[in-house]
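Protein sequence lines, in the order shown, are assigned to chains A and B. Going letter by letter, the first sequence gives residues 1 to 411 in this note's numbering. Going letter by letter, the second sequence gives residues 1 to 411 in this note's numbering.
Number of protein chains: 2
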Amino acid sequence: MVKVAVLGHGTVGSGVVELFTQNAKSITSRAGQEMEVKRILDIREFPDLPYADKFTKNFDDILNDPEITIVAEVMGGLSPAFEFTKSLLEHGKSVVTSNKELVASRGAELLQIAKAHNVNYFFEASVGGGIPIIRPMHQCLAANEITEVAGILNGTTNYILTKMIHESVPFDEALAQAQKLGYAERNPAADVEGQDACRKICILASLAFGSHVYPQTVHTEGITGLTLEDVEYASMWGGVIKLIGRAKKQPDGKVIATVYPAFLSSHSQLAGIDDVFNGILIRGNATGDVVFYGRGAGKMPTASAVVADMIDISKANCTSKSLSWADSDGHNVADYKTDPLRFYIRASLLDHAQSTVNDVMGGVEFLSRSGQPEDEIAFVTGQMTERELDSKLEVLGNLIKVKSMIRVLDY
Amino acid sequence: MVKVAVLGHGTVGSGVVELFTQNAKSITSRAGQEMEVKRILDIREFPDLPYADKFTKNFDDILNDPEITIVAEVMGGLSPAFEFTKSLLEHGKSVVTSNKELVASRGAELLQIAKAHNVNYFFEASVGGGIPIIRPMHQCLAANEITEVAGILNGTTNYILTKMIHESVPFDEALAQAQKLGYAERNPAADVEGQDACRKICILASLAFGSHVYPQTVHTEGITGLTLEDVEYASMWGGVIKLIGRAKKQPDGKVIATVYPAFLSSHSQLAGIDDVFNGILIRGNATGDVVFYGRGAGKMPTASAVVADMIDISKANCTSKSLSWADSDGHNVADYKTDPLRFYIRASLLDHAQSTVNDVMGGVEFLSRSGQPEDEIAFVTGQMTERELDSKLEVLGNLIKVKSMIRVLDY
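As structure tokens, this is what we get:
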């Protein structure tokens, strides 16, 4: 019998407790022994729940209970989640988490503490909800050199983009619909400004490339500036706009890590991932592209990833020392403007200078849409770095006034 | 330092050896120690290879070498692969394999032998080539009750179908193209008649539901009978035809396991999986649908899955006793004709009895295509079991003569 505890009885936490009841039989069979939730930490009271007696408001009841060997931290936020996790690891308890903010900000540190105390710190649920991604990436792709990771990592923004793309609903209205359906928070900043996706790409990049990629080193743009005009040009070009978190290893070993909306061809395996679904692509030198797809959030999917990590720890008498990465000073991240890409530009043309634009840009693909104003141009450039793009745009000076710039990605 | 051996220096085997050289640095880092291929078994000689000195024709050189602790069986076929694997496991060596035929036919037995000798028998490479599927299904979805597994499991047939769907190339010609490109064997029976997909769904079903599903208990149909007419009707209906292997748990605990071409809506996450790619969908009661996508075959993808299993074994001082299933007498598989589905039927109408067809079938959706002969009808039924369909078709007697029947699946 393995006794576990749960920190936080919110959406994911209550899902974790439910799963231990609902799927008890298969959990026992997979773990090879019974597993029981002994304690739940929450500042609130839940007197009507059948398991009301398991609740405590005192963290020490869990920290000092020698029977409890595995703890799920599903409270979110940096503090006190960090302090609790640190104490638990130092007390020889393994911790599993769905807390992407914490792993993205302090992962290297917590993983080192876990290693030093011979316990595990697992975080499958922190990326991709119920989609297995951390473990497969680490384990099954171990024989690959991973060269690139990219994905649709945030369900809320993907829902909004789906509405914009397939139903021509403007951003504000699509956001309101997402909020009404409970897909977006009342304060949607973390989602629509790309911070949630940023945390997830930090975790994936750190694991894939072995040194911590911190959120503040990741160039992050959200989707708040996207217009239906851009969506329509993307469609005329033969693709869609998706919010993509990506990390790519450079020949010098540094990592380019970014979050921004991007044009994807409709043939891309990520282009068809709609609504609240997530999709993550891993590019390996032996496997080629492998894509994982599913519900990237939600109570039960996320809870199932948390419980799977707990089962895994309960089975292993050994700790997984390699599910880890080194700390970094931020110099592991390269300047994203050195990445050769293509770029979509929508601009007003202040003079009849379309051919000048074409010349300066070194040949572009002009796009058109119905209802296009006479002074609007839109085009996709050839491959160049963003530095080169910047200087070309400077050359064009006052000839055009850029309204949108969206990068084009080849997945 | 871990010393390993490779049985068979064919496509996958040579890929395994290459990977140990090419990705040596990341393999060492993931495994936490160096790994080296010490011996390669093959009846052929390869005097020009830089590692020619590692070859042996004598299996005992590997079996009796105490330094070798992990062996990759990538020779394929049932014999001597079975005997070799059994001996190695009994001698306390772990074995990893890409041999789907062997795992599908004798998996339960070999897994029991491995358990009894405290070693591992891993088979990630047997399904989905380089797509991580066995491990994620087993481990990351451990907290789920898996209710269904379905997928495009064979790249050759998927390539042929893609040609038929997108370029209207008839089956025979598409097969010839696949053979020319090396995607299909000169004797393509195992692929086009569905046996390869059958072996893979056996492995997935056995692992998902815990008792061995043997190939002979799986109703298997290939794609040799598919016509461009059916492809066109599928398109008019709003979908595509894909060869789907599936296994579904019934309320009584039995499993329905089948391989057949099926209509899939274009909205299905499996519908857009084209060319030689594979896609596998796992349906869990907590995660919902999770889809894994990538190259399902090929030298390096498959070799990378083999090597990943070897790394995993080298790391674990513990054996994975739960990556296993029980043997069965075949009674774990239910009659596939009891599964409620919709059905596509193309038939010649021997009388002007379209309304009779509609009445007897209980309401159908008629489909049409350009160039449709006057005496041809095509329709999709409502939901019913195949037993019910059979008896309705019997009632219709000589009114229609069925030319094609294809099941409609909801993924």
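From the three backbone atoms N, C-alpha and C, an ideal C-beta is built for every residue, glycine too. Every value quoted in this text rests on a predicted model; they were computed, and no experiment measured them.
Put simply, the backbone Cα of Lys54/A is about 6 angstroms away from that of Lys38/A. Between Val408/A and Leu367/A, the beta carbon gap of about 12 angstroms keeps them out of contact (Cβ cut-off 8 angstroms).
At a cut-off of 7 angstroms between beta carbons, Ile311/B contacts chain A. Among the residues facing chain A, Phe366/B is not included, as its CB has no counterpart in that chain under 7 angstroms away. Shown here is that no member of the stretch 233-252 of chain B has a Cβ falling below 9 angstroms from a Cβ of chain A.
Judged by their CB atoms, Val96/B and Ala81/B are not nearer to each other than the 7 angstroms cut-off. Distance from the CA atom of Gly245/A to the CA atom of Leu393/B, rounded to whole angstroms, is 53 angstroms. Residue burial is scored here from C-beta neighbours: Met164/A has at least 16 other C-beta atoms within 10 angstroms and is therefore classed as buried.
Residue burial is scored here from C-beta neighbours: Pro47/A has fewer than 16 other C-beta atoms within 10 angstroms and is therefore classed as exposed. Annotated three-state conformation of Gly397/A is coil, per DSSP.
DSSP places Glu34/B outside both helix and strand once states are collapsed to three, so it counts as coil.
Of all residues in the stretch 88-99 of chain B, none comes within less than 9 angstroms of chain A when Cβ atoms are compared. Cys198/B places its beta carbon 7 angstroms or farther from that of Thr227/B. When the beta-carbon positions are compared, Pro261/A and Ile223/A come within less than 7 angstroms of each other. Around the beta carbon of Leu153/B, 16 or more other beta carbons sit within 10 angstroms, so the residue counts as buried.
Within its own chain, the residues whose Cβ lies closer than 7 angstroms to the Cβ of Asn144/B, once the five positions on either side in sequence are excluded, are Gly284, Asn285, Ala286, Thr287, listed in chain order. Shown here for Asp275/A: same chain residues with a beta carbon closer than 6 angstroms to its own, the five before and five after excluded, namely Tyr159, Thr162 in chain order. In this structure, the CA atom of Glu67/B is about 40 angstroms from the CA atom of Gly330/B. Contact of Arg283/B with chain A is not assigned, every C-beta pair being separated by 7 angstroms or more. Met75/A carries a coil assignment under DSSP once its states are collapsed to helix, strand and coil. Relative to Gly92/B, the option among Arg106/B, Ile113/B, Thr258/B, Met75/B whose CA is nearest is Ile113/B.
Out of Lys254/B, Ala305/B, Gly294/B, Ile256/B, the CA that lies nearest to the CA of Leu270/B is found in Gly294/B. Gly245/A carries a strand assignment under DSSP once its states are collapsed to helix, strand and coil. Following the DSSP letters along the chain, one finds Ser348/A in no alpha helix (DSSP H) but inside the beta strand (DSSP E) bounded by residues 342-349.
For the C-beta of Pro301/A, the chain B residues within less than 8 angstroms are, from N- to C-terminus, Ala286, Thr287, Gly288.
With fewer than 16 other beta carbons inside 10 angstroms of its own, Ala24/B counts as exposed.
Taking a Cβ-Cβ cut-off of 7 angstroms, the neighbours of Gln269/A in chain B comprise Tyr293, given in sequence order. Rounded to the nearest whole angstrom, the C-alpha separation of Leu63/B and Leu88/B is 6 angstroms.
Neighbourhood of Ser304/B in chain A, by CB distance below 8 angstroms: Leu141, Ala143, Asn144, Gly284, Ala286, Thr287, in chain order. Considering only beta carbons, the part of the stretch 5-31 of chain A lying closer than 7 angstroms to chain B consists of Leu19, Asn23, Ser26, Ile27, Arg30, in chain order. Considering only Leu49/A, Val259/A, Glu124/A, the residue with the shortest C-alpha distance to Ala190/A is Val259/A. Residues of the stretch 127-140 of chain A with a C-beta atom less than 7 angstroms from some C-beta of chain B are Gly130, Ile131, Pro132, Arg135, Pro136, Gln139, Cys140, listed in chain order. By the CB criterion at 7 angstroms, Ile256/A and Tyr336/A fall inside the cutoff. Note that the stretch 24-35 of chain B touches the stretch 301-316 of chain B; at least 3 beta-carbon pairs, one per stretch, sit closer than 8 angstroms. Judged by DSSP in its simplified three-state form, Phe366/B adopts strand. Between the stretch 181-190 of chain A and the stretch 228-241 of chain A, the count of C-beta pairs closer than 8 angstroms stays below three; the two stretches do not touch.
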